[in-house]
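Asks: Supplied in structure tokens, the structure appears directly below.
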Amino acid sequence: MSGWETVIGLEIHAQLATRSKIFSGSATAYGAPPNAQANLVDLGYPGVLPVLNAEAVRMAVKLGLAINARIAAQSVFARKNYFYPDLPKGYQISQYELPIVAEGALDIVLDDGQVKRIGITRAHLEEDAGKSLHEGLPGVTGIDLNRAGTPLVEIVSEPHLRSAKEAVAYMKKVHTLVRYLEICDGNMQEGSFRCDANVSVRQAGAHKFGTRAEIKNLNSFRFVERAINYEVARQIDLLESGGQVVQETRLYDPDRGETRAMRSKEEANDYRYFPDPDLLPVVVDEALIASVRATLPELPDQKAARFASQYGLSAYDAGVLTASRELAAYYEEVVRELPQEPKLAANWVMGELAAALNKENLEVGSGKLPPARLAGLLRRICDQTISGKIAKEVFETMWSGSASADAVIDAQGLRQITDTAAIERVIDEVMARNPAQLAEYRAGKDKLFGFFVGQVMKATAGKANPAQLNELLRTKLGG
Amino acid sequence: MSDWHTSTLTQLAAGLRARKFSSVELVRAYLDRIDASQAALNAFISVTREQALADAAAADRALAAGAGGALTGVPIAHKDIFCTQGVRTTCGSRMLDNFVSPYDATVVAKLKGAGAIMLGKTNMDEFAMGSSSETSFYGPVRNPWNPQLVPGGSSGGSAAAVAARLVPAATATDTGGSIRQPAALCGITGLKPTYGRVSRYGMIAFASSLDQGGVLTPSAADAALMLREMAGFDANDSTSVDTPVPDYVAALEQPLAGLKVGLLREFFDKGLDAHNEQRVREALKLYQQLGARLTEVSLPNLPLSVPVYYVVAPAECSSNLARFDGVRFGYRCENPRDLTDLYRRSRGEGFGAEVKRRIMTGTYVLSAGYYDAYYLKAQRVRQLINADFTRAFGSVDVLMGPTTPTPAFAIGAKTSDPITMYLNDIYTIGANLAGLPAVSIPCGFVQELPVGLQIVGPHFSEARVLNAAHAFQRATDWHTRVPQGYA
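Quick mapping for you: the protein sequence lines, in order, are chains Y and E. Under the numbering used here, read the first sequence as residues 46 to 524, first letter to last. Under the numbering used here, read the second sequence as residues 3 to 489, first letter to last.
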């Protein structure tokens, strides 16, 4: 595969978290019975007209500000005309020549730690289509228009991505951003966040792009990576065996792990875009921009930079902890309780906590083990009441119950033994019970030091302070 | 009382309020006139007799209680392009033959709110595409002045109904002249308001940037009374304009003296029938006598109206009519083999020839490679026409000219040549392209057929335009003439 360069551009569709649809008053909640959330406007009834949801505009502006883009003073909705049963009006209201957001960028971090800027050509508002249903409907197709008219922002990147990994890093970055901005719930399983990938390959050093294929509707990071990798290999195989890539739309089949042709350029619709005469141009003035700007939260990159400097974290850790607003907030709550130990807090939030959440498929904001309780546990590590190892056991108990760290430690008698005399007493007993090993050790078999540590720990149920134990044992064994 | 049908809307509303007669009596009388005329005129697609009588009884109760709005108990008809809840709304098409609307258009709801009683839905060119009311799935409408002739279109059913005094007023819509041209051909008053003055919500779209709801009545005074109830901002229509609705009725009697009238030079062209021209010039002379100052003005780009219109309107219609796909409502073909077959046959069988012609034209002008040459260029010329009007209104208050080149023509005379048919709208299209209010009023007869005078004003000058029309009608009686057999 050497000698080839991959070129990728992503079109990300993020469903905007408005309560009602972009052009009607219907609710946008997921999971309602089919067509329960489709009113006459969504159904495209004769005579009905679209009315723009101002909240969707604010959300698009918010995104534009967060990616340092140009916000169009006037943008225009256009009709994209094509026939499909899940498209009630026979056209999708979108933006074409004049999108609301243009010329933005986001930075991603590459494997080698380098930062790469990915250009964002444009982001425009549009309505989602409905869904065709086939399951349990033999011989017919059902149409569910609950999703029809749900607001989307389509975020179109420049072809700046050079590998599936970069594409995923960029998509994750956008995913993090839209959730920070609270403009999209980011739920990929429900289709709230999905993308189309434009993929082509060219000889390294070539100036012209190769012919691209567009892989539609990828709704997980894993699928994005696999689909792109498959597609790149397919195109290279094709070219190396003397064939040509044709411009076409392809679908990724996750079961087979491959992409396959959906329709070629020749079969592509002529969408006959034209400005929608039912809607006035969208006017965004300075006052609106200022009022949206005032609602901008600390953005992921800003937060990560602050975490690194304020808490002395590595860039990597800061990145992980700021991957979501909720995780970052949780971490900062823990640190507020334990201002001296930001690194310890980071290790526990990224380690035990993340693993436990992951295992139960929970979000950090789920309310299970609030930050103050975790801080209570870490405090007992710091003041040497328990060791790090014991702390993990305490964590398990705390995770499945509601007791505080202190309550668990007391109830299970896990308090660490730091009384020198008490430790020496156990050491003496262990030495007395193991005369042979003692003799061997004293004859020079240093390795047996570990054996004695183990014996003492066993006798104290692991509660002896490890540092103290080491020191006392060395003295005693030395005779 | 047997002269209800020659009374004005204002008189009827006042008579009802004074309880000189009941709404039930009035409605029944008009329903009987509708029934008696239907075979000859075919002005109605649906007559809602029972509902109308029930509504009239309710109106009488309201009136007895001293309640009610400006139009309580007054019968009217709606062009079948307006959605009416629980009542079939066909748009003159087989496509919607089975369509019972689940909601009321804003215009319908407003008039209902004002107390008007709907007697039925009037016939029209299919999807408002036509100038003769011959393209209706329900057969052609006939002109009450001569049943061999067309009433004009697309609002021919509403125009014929008002001309034959089957209702004192009927709603209508105007995309390229569909209110004014039939008003002229039927000898009544037809008002197309400013684009955005009347909500389009619930008015089945033909060409969204041009469509405007309005009204057909015998007189300008009646039109003022109707418009006062129909106009206003509607949150359901983003293109409706949020500007106060003046009292059009109160403005009617303002003096005309000093009114600056611009004669549209481009309208007095070689296509204008000499007899028509004579009637229009006589009307203009009368305006002069009434105190108006006449000057000739030129709108050099106006002759491009027809080609611009026949790019823009079909383009929008090709998209607006995409929703009629046989999936959710309306006509669906028998036993579709697959999705493509469902689309092809539902649309192929559901739409008539003129609608298909315009959908194809519109699809073509929006296609890749043709968009710039047709659609974009048409939009640019539309801007030039707008600018022409703006310039003209810098020096005159209103523009006047003929509404149509000729009086009513024979049924079937122009159906084989769409271009000839399209040219019938040559004087009316400009106001649609520029979104201006315009009225057509009767100004005489040519060989026993009515001729219309058109008055066009600047945006939101309906009060001025109606005032000018009313002044003319106080000095003439053309608008009170009723065709033989309907007097």
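A virtual CB, placed ideally from N, CA and C, is assigned to each residue, including glycine. In this text the structure is predicted, and so the values were computed from the model without any measurement.
Of all Cβ atoms in chain E, is any one closer than 9 angstroms to the Cβ of residue 187/Y?
Replies: no
Asks: I'd like to know whether the C-beta atoms of residue 443/Y and residue 459/Y end up nearer to each other than 9 angstroms.
Replies: no
Asks: Go ahead and pull the three-state DSSP assignment for residue 3/E.
Replies: Bear in mind that the predicted position of residue 3/E carries a pLDDT of just 47, short of 50, making it unreliable; the figure below should be weighed with that in mind. If DSSP states are grouped into helix, strand and coil, residue 3/E belongs with coil.
Asks: Could you spell out the range, first to last residue, of the alpha helix (DSSP H) harbouring residue 393/Y?
Replies: 387-393
Asks: Can you give me the Cβ contacts of residue 181/E inside the same chain, cut-off strictly under 6 angstroms, excluding the 5 residues immediately before and after it?
Replies: A distance below 6 angstroms between beta-carbons, with the five flanking residues on each side excluded, links residue 181/E to the following residues of its chain, in chain order: 157, 174, 192, 194 and 216.
Asks: Just the Cα atoms here: how many angstroms apart are residue 279/E and residue 315/Y?
Replies: Each residue's alpha carbon lies about 47 angstroms from the other.
Asks: So, is the C-beta of residue 92/Y closer than 9 angstroms to a C-beta in chain E?
Replies: For residue 92/Y, the nearest CB of chain E lies under 9 angstroms from its own CB, placing it at the interface with that chain.
Asks: So, is residue 257/E buried or exposed, given that buried needs 16 or more other C-beta atoms within 10 angstroms?
Replies: exposed
Asks: Can the beta-carbon of residue 307/Y be found closer than 9 angstroms to that of residue 261/Y?
Replies: yes
Asks: Can you tell which of 399/Y, 468/Y, 198/Y and 363/Y has the C-alpha that lies nearest to the C-alpha of residue 102/Y?
Replies: 198/Y
Asks: With DSSP as the reference, label residue 297/Y as helix, strand or coil.
Replies: It is a strand residue.
Asks: Quick one: complete alpha helix (DSSP H) runs, 4+ long, within the segment 345-415 of chain E?
Replies: 355-368 and 379-394
Asks: Can you give the Cα-Cα distance for residue 370/E and residue 132/Y, rounded to whole angstroms?
Replies: 21 angstroms
Asks: To be precise: take each residue of the segment 134-150 of chain Y, compare its Cβ to all Cβ atoms of chain E, and keep it if any distance is under 8 angstroms. Which residues remain?
Replies: 134, 135 and 136
Asks: Starting from residue 32/E, trace the alpha helix (DSSP H) in both directions and tell me its first and last residue.
Replies: 25-43
Asks: For residue 475/E, count neighbouring Cβ atoms within 10 angstroms of its own Cβ and tell me buried if that reaches 16, exposed if not.
Replies: buried
Asks: Who are the near neighbours of residue 2/E in its chain, counting only those whose CB is closer than 7 angstroms to its CB and skipping five residues on each side?
Replies: For chain E, the structure presents residues 3 to 489; residue 2/E sits outside this window and is missing.
Asks: Give every residue of the same chain whose Cβ lies closer than 6 angstroms to the Cβ of residue 324/E, excluding the five residues on either side of it in the sequence, and list them in chain order.
Replies: none
Asks: Where does residue 333/E sit, in a helix, a strand or coil, going by DSSP?
Replies: Reduced to three states, the DSSP call for residue 333/E is coil.
Asks: Any chance you could list the alpha helix (DSSP H) runs of at least 4 consecutive residues sitting entirely within the segment 81-121 of chain Y, in chain order?
Replies: Taking only runs of at least 4 residues, the alpha helix (DSSP H) segments lying wholly in the segment 81-121 of chain Y are 99-111.
Asks: So, is residue 53/Y buried or exposed, given that buried needs 16 or more other C-beta atoms within 10 angstroms?
Replies: Buried, since its Cβ has 16 or more Cβ neighbours within 10 Å.
Asks: What residues from the segment 195-210 of chain E come within 9 angstroms of chain Y, judged by C-beta to C-beta, listed N to C?
Replies: 201, 202, 203, 204, 205, 206, 207, 209 and 210
Asks: Per the DSSP calculation, residue 26/Y is bridged to which residue(s)?
Replies: In the structure as shown, chain Y starts at 46 and stops at 524, and residue 26/Y therefore has no counterpart that could be examined.
Asks: Cβ of residue 403/Y within 9 angstroms of Cβ of residue 468/Y?
Replies: no
Asks: Interface residues of chain Y around residue 104/E at Cβ under 7 angstroms?
Replies: 85
Asks: What three-state label does DSSP hand residue 172/Y in the structure shown?
Replies: strand
Asks: How would you list, in chain order, the residues of chain E whose beta-carbon sits under 8 angstroms from the beta-carbon of residue 89/Y?
Replies: 325 and 330
Asks: Taking Cβ-Cβ distances shorter than 8 angstroms, what residues in chain E pair up with residue 315/Y?
Replies: 369 and 370
Asks: Restricting to Cα atoms, I'd like to know which of 164/Y, 208/Y and 309/Y is closest to residue 256/Y.
Replies: When only C-alpha atoms are compared, the closest one is 309/Y.
Asks: Are the C-beta atoms of residue 321/E and some chain Y residue less than 9 angstroms apart?
Replies: yes
Asks: For residue 125/E, count the other beta carbons within 10 Å of its own beta carbon; 16 or more makes it buried, fewer makes it exposed. Which is it?
Replies: That one is buried.
Asks: Using a beta-carbon distance cut-off of less than 8 angstroms, what residues from the segment 219-242 of chain E approach chain Y?
Replies: Result list: 237, 238, 239, 240 and 241.
Asks: Using 8 angstroms as the cut-off, can you tell me whether the segment 294-310 of chain E makes contact with the segment 375-389 of chain E, which would need three or more C-beta pairs spanning the two stretches below that distance?
Replies: At 8 angstroms Cβ cutoff, the stretches touch.
Asks: By how many angstroms is the C-alpha of residue 65/E removed from the C-alpha of residue 19/E?
Replies: 6 angstroms
Asks: With H, G and I counted as helix, E and B as strand and the rest as coil, what does DSSP make of residue 58/Y?
Replies: strand
Asks: With a CB to CB cut of under 7 angstroms and the five nearest residues on each side skipped, what residues in its chain are close to residue 362/Y?
Replies: 391 and 395
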